[in-house]
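Visitor: Under the numbering used here, the residues of the sequence shown are numbered 355 to 719, in order.
Here a beta-carbon is modelled for each residue, glycine too, at the ideal position from N, C-alpha and C.
The structure presented is a predicted model; accordingly, all values stated were derived computationally and were not measured.
My questions all concern the structure below.
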Amino acid sequence: MVLFKRATQTIVAVAVLGGILAMDHAASAQEPTKPAASQREEQLREQLKGILQELEDLQKTREGTLPLGEQPKVVTEKVATQEPEAIPEYELSDLSIVSKRFQKRPEGVSLSATVPAETDSQPTRTMKESMESLPGVVLRQANGPRDFSITIRGQGVKTAFATRDIKIYEDGFIQTQSDGLSRLDMQDPWFMRSVEVTRGASSSLYDNYALGGMVQFRTRRGSDINGAETFLSGGSYGYQKYGLAVGQETDKIDAAMFASQVMEDGFIQNSNYNTQTLNFNVRFKADDKQNFYFKAISNWLNTKVPTRLTQAQFIANDRQAGGAQTTCSPGTYNAGCANALLLNQGRVDRRTILGGMYERQFNAN
355 MVLFKRATQT IVAVAVLGGI LAMDHAASAQ EPTKPAASQR EEQLREQLKG
405 ILQELEDLQK TREGTLPLGE QPKVVTEKVA TQEPEAIPEY ELSDLSIVSK
455 RFQKRPEGVS LSATVPAETD SQPTRTMKES MESLPGVVLR QANGPRDFSI
505 TIRGQGVKTA FATRDIKIYE DGFIQTQSDG LSRLDMQDPW FMRSVEVTRG
555 ASSSLYDNYA LGGMVQFRTR RGSDINGAET FLSGGSYGYQ KYGLAVGQET
605 DKIDAAMFAS QVMEDGFIQN SNYNTQTLNF NVRFKADDKQ NFYFKAISNW
655 LNTKVPTRLT QAQFIANDRQ AGGAQTTCSP GTYNAGCANA LLLNQGRVDR
705 RTILGGMYER QFNAN
C-alpha cells in the first residue's frame with residue numbers, strides 16, 4: 355500500500371512538471387519573446403524540486419533496508435534475445451558519491467617562525483642569534499666564523515661541518531647541495547623578513563635530505579622597503595657591517611636588491627673574515643593565475659679558520675688559534691703540526707646561485 359501511494363505521488367508530480375513545461379513551450383511558440391517567470395511560478399518549481407528530491411531520498415532509504423538479494427541492481431543486463439556476436443547492452447542506475455577533503459598534518463612535525471619585530475630594534479649579527487629564539491633549534495659555529503651547523507631536536511648534533519639532514523630553502527629555492535650539504539655563510543640576517551623552521555622528519559613534504567626538518571629563509575620584499583635603506587653597524591673585536599637595500603612594488607612587479615659587507619677580527623686568533631653578499635629578487639605577476647619568480651645570490655668570503663683547543667690550551671690562553679704550543683717547522687711537512695697561524699689556515703669561497711620559478715594555478719580555488 356505504501357509503495358502504491360509513493361508511486362502515485364511520483365506520477366502526479368511528474369504530470370504537474372510536464373504540464374508546466376508544456377505550457378511554457380506553448381507560450382514560447384505563440385509569442386516571439388519568452389516572458390519572465392512570475393514569482394509564484396518560481397515558488398512552484400522550487401516546491402516541485404523539493405518533492406521529487408524527498409521522494410528519491412525515501413526510495414533510497416527503503417531500498418537500503420531490503421535484504422541484499424532483493425535490492426535493485428546497479429548494473430542490469432538486458433535479457434532480450436540478441437544476435438550472435440552482438441555487443442551486450444547494460445543499463446546503469448544513478449550512483450552518487452560524496453566525499454570531503456581530509457587534511458592531516460604529519461604526526462611529530464611542528465612549525466614555528468621568527469617575526470620581524472624581534473630584530474627590527476636590535477639587528478642580529480649572525481643567523482645564530484636570530485634562529486635560536488625558536489624552540490628546539492640550536493646553532494653551533496663550524497668551518498669558520500661565518501658558517502654554522504643547525505641542530506633541530508638533536509638531529510645533526512654529530513655534524514662537525516656545515517649542516518646535514520636538514521633541508522634549506524630561501525624564498526622557495528633550494529639551498530641544499532646535491533650531496534645533502536647546506537651552508538649558512540651566504541645568508542645575511544639583515545636581508546630576512548622571517549625564518550620558518552619545520553621540526554621533525556619532513557622528507558615526505560620537502561623531498562630528500564629533510565630527515566631532521568626544514569628551514570625556510572624569507573627575504574624582505576620590495577613592498578617592505580618601497581625606496582632605499584642603508585645600514586651601518588659596529589662592535590667589539592673589529593666588527594663592522596655596511597648594508598644597502600633597494601626595493602619597490604608596482605601593480606605587476608615586486609623587486610628587491612640587497613648588498614652587504616661584513617668584516618671582523620674575531621675573539622679567537624686567526625678567525626678574522628671579510629665577506630660581501632648580493633641578493634636580488636623579482637616577482638612578476640602576469641595575471642591572477644600566473645606568477646614568475648627570479649632570484650640571484652652571490653657571496654664572496656675570505657676567512658681564516660682556527661683549530662680546536664685542548665683543555666690545557668684553553669686554560670693557558672683562551673684566545674689562541676689552536677696548536678700554538680705545537681712545534682712546527684715553517685716550510686716542512688709535519689703530521690703533528692696543528693698551528694693555525696703558521697699554516698695560515700683559511701679558505702676563500704665564492705658561491706653564486708641563480709634560479710627561476712614559474713607558477714600557474716589550474717583552478718582559481
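Secondary structure at Asp578, three-state DSSP: helix, strand or coil?
Guide: Here residue 578 corresponds to residue number 224 of the sequence shown, with the count starting at 1. In the structure shown, Asp578 sits in a helix (DSSP, three-state: H, G or I).
Visitor: What's the gap between the Cα of Arg394 and the Cα of Leu559?
Guide: Working through the sequence shown from its first residue, we reach residue 394 at position 40. Working through the sequence shown from its first residue, we reach residue 559 at position 205. So the two alpha carbons sit approximately 55 Å from each other.
Visitor: Do the CB positions of Gly567 and Ile506 come within less than 8 Å of each other?
Guide: The residue you call residue 567 lines up with position 213 of the sequence shown. The residue you call residue 506 lines up with position 152 of the sequence shown. Yes, the pair counts as a contact, with Cβ atoms nearer than the cut-off.
Visitor: Give the DSSP bridge partners of Trp654, in chain order.
Guide: Locating residue 654 in the sequence shown gives position 300, where the first residue counts as 1. Gln630 and Arg704, per the DSSP bridge assignment.
Visitor: What's the call for Pro421, buried or exposed, on a 16-neighbour Cβ count within 10 Å?
Guide: For this step, residue 421 is matched to residue 67 along the sequence shown. Sixteen is the threshold: since fewer than 16 other Cβ atoms of the shown chains lie within 10 Å of the Cβ of Pro421, the residue is exposed.
Visitor: Using CA coordinates, which residue listed in Gly710, Thr661, Gln413 and Asn628 is at the minimum distance from Val702?
Guide: Indexing the sequence shown from 1 puts residue 702 at position 348. Ranking the options by Cα distance to Val702, first place goes to Asn628.
Visitor: For the region 550 to 565 and the region 580 to 600, state whether three or more C-beta atom pairs, one from each stretch, are separated by less than 8 Å.
Guide: no
Visitor: Do you know how far the Cα of Tyr563 is from the Cα of Arg662?
Guide: Counted from its first residue, the sequence shown places residue 662 at position 308. Counted from its first residue, the sequence shown places residue 563 at position 209. Cα to Cα, the separation comes out at about 28 Å.
Visitor: Is DSSP giving Lys606 helix, strand or coil here?
Guide: Position 252 of the sequence shown, counted from the start, is the residue given in the question as residue 606. Three-state DSSP puts Lys606 in coil, outside helix and strand.
Visitor: Run through DSSP, which three-state label would Gly418 get?
Guide: Within the sequence shown, numbered from 1, the residue matching residue 418 stands at position 64. If DSSP states are grouped into helix, strand and coil, Gly418 belongs with the helices.
Visitor: Please return the same chain residues whose Cβ sits closer than 6 Å to the Cβ of Gly647, not counting the five positions on each side in sequence.
Guide: The count along the sequence shown starts at 1 and reaches residue 647 at position 293. Residue identity check: residue 647 is Tyr in the sequence provided, not Gly. The residues are Arg637 and Met711.
Visitor: By the DSSP assignment, the beta strand (DSSP E) with Ile520 in it spans what residues?
Guide: Position 166 of the sequence shown, counted from the first residue, corresponds to residue 520. Where Ile520 is concerned, the enclosing beta strand (DSSP E) stretches over Ile520 to Glu524.
Visitor: At the level of alpha carbons, what is the spacing between Phe527 and Val569?
Guide: What you label residue 527 is simply residue 173 of the sequence shown in a count that begins at 1. What you label residue 569 is simply residue 215 of the sequence shown in a count that begins at 1. Between Phe527 and Val569, the C-alpha separation is close to 11 Å.
Visitor: Using the rule of at least 16 other Cβ atoms within 10 Å of the residue's Cβ for burial, across every protein chain shown, is Asn717 buried or exposed?
Guide: Here residue 717 refers to the residue found at position 363 of the sequence shown. Exposed.
Visitor: If you measure between the beta carbons of Leu465 and Thr552, is that distance less than 8 Å?
Guide: Translated into positions along the sequence shown, residue 465 becomes position 111. Translated into positions along the sequence shown, residue 552 becomes position 198. Yes, Cβ-Cβ distance for Leu465 and Thr552 is below 8 Å.
Visitor: If you follow the alpha helix (DSSP H) that Ser557 is in, where does it begin and where does it stop?
Guide: Counting from one through the sequence shown, the residue named residue 557 turns up at place 203. Per DSSP, Ser557 belongs to the alpha helix (DSSP H) from Ser557 to Tyr560.
Visitor: Taking 8 Å as the cut-off, does the region 507 to 517 touch the region 590 to 607 (at least 3 CB pairs, one atom from each stretch)?
Guide: no
Visitor: Would you report the Cα separation of Phe621 and Ser590, rounded to the nearest angstrom?
Guide: Walking along the sequence shown from the start, residue 621 turns up at place 267. Walking along the sequence shown from the start, residue 590 turns up at place 236. Phe621 and Ser590: Cα-Cα distance of roughly 9 Å.
Visitor: Just list the residues that DSSP pairs Ala599 with in beta bridges.
Guide: Translated into positions along the sequence shown, residue 599 becomes position 245. Partner(s): Glu583 and Phe612.
Visitor: Quick one: is Leu449 buried, meaning 16 or more other Cβ sit within 10 Å of its Cβ, or exposed?
Guide: For the purposes of this step, residue 449 is taken as residue 95 along the sequence shown, with counting starting at 1. Its Cβ having fewer than 16 others within 10 Å, Leu449 is exposed.
Visitor: Which word fits Pro543, buried or exposed, when buried means at least 16 other C-beta atoms lie within 10 angstroms of its C-beta?
Guide: One-based indexing of the sequence shown puts residue 543 at position 189. With 16 or more other Cβ atoms within 10 Å, it is buried.
Visitor: What three-state label does DSSP hand Arg399 in the structure shown?
Guide: Residue mapping note: residue 399 aligns to position 45 of the sequence shown, counting from 1. It is helical.
Visitor: Tell me Thr505's beta-bridge partners as DSSP assigns them.
Guide: Walking along the sequence shown from the start, residue 505 turns up at place 151. In DSSP, Thr505 forms a bridge with Val492.
Visitor: May I have the straight-line CA-CA distance separating Gly592 from Thr631, to the nearest angstrom?
Guide: Sequence index remark: in the sequence shown, residue 592 carries index 238 (1-based). Sequence index remark: in the sequence shown, residue 631 carries index 277 (1-based). So the two alpha carbons sit approximately 19 Å from each other.
Visitor: Around the C-beta of Leu538, are 16 or more other C-beta atoms found within 10 angstroms, so that it is buried, or is it exposed?
Guide: Taking the sequence shown and counting its residues from 1, one reaches residue 538 at position 184. Answer is buried; the Cβ neighbour count reaches 16.
Visitor: So what does Phe638 bridge to, in DSSP terms?
Guide: To locate residue 638, count along the sequence shown from 1; it is residue 284. BP columns for Phe638 point to Ile607 and Phe646.
Visitor: In the DSSP assignment, what residue or residues form a beta bridge with Phe571?
Guide: In the sequence shown, counting from the first residue as 1, residue 571 sits at position 217. BP columns for Phe571 point to Glu524 and Val549.
Visitor: In terms of residues, what are the limits of the beta strand (DSSP E) holding Glu445?
Guide: Counting from 1 along the sequence shown, the entry for residue 445 is found at position 91. Where Glu445 is concerned, the enclosing beta strand (DSSP E) stretches over Tyr444 to Leu446.
Visitor: Of all the options Glu713, Arg705, Gln715 and Arg714, which has the alpha carbon lying nearest to the alpha carbon of Gly529?
Guide: Residue numbering aside, residue 529 sits at position 175 when the sequence shown is read from its first letter. The displayed chain sequence assigns Gln, not Gly, to residue 529. Checked all of Glu713, Arg705, Gln715 and Arg714; the closest Cα to Gln529 is Arg705.
Visitor: Can you tell me whether DSSP reads Ala467 as helix, strand or coil?
Guide: Position 113 of the sequence shown, counted from the first residue, corresponds to residue 467. Ala467 falls in the strand class under three-state DSSP.
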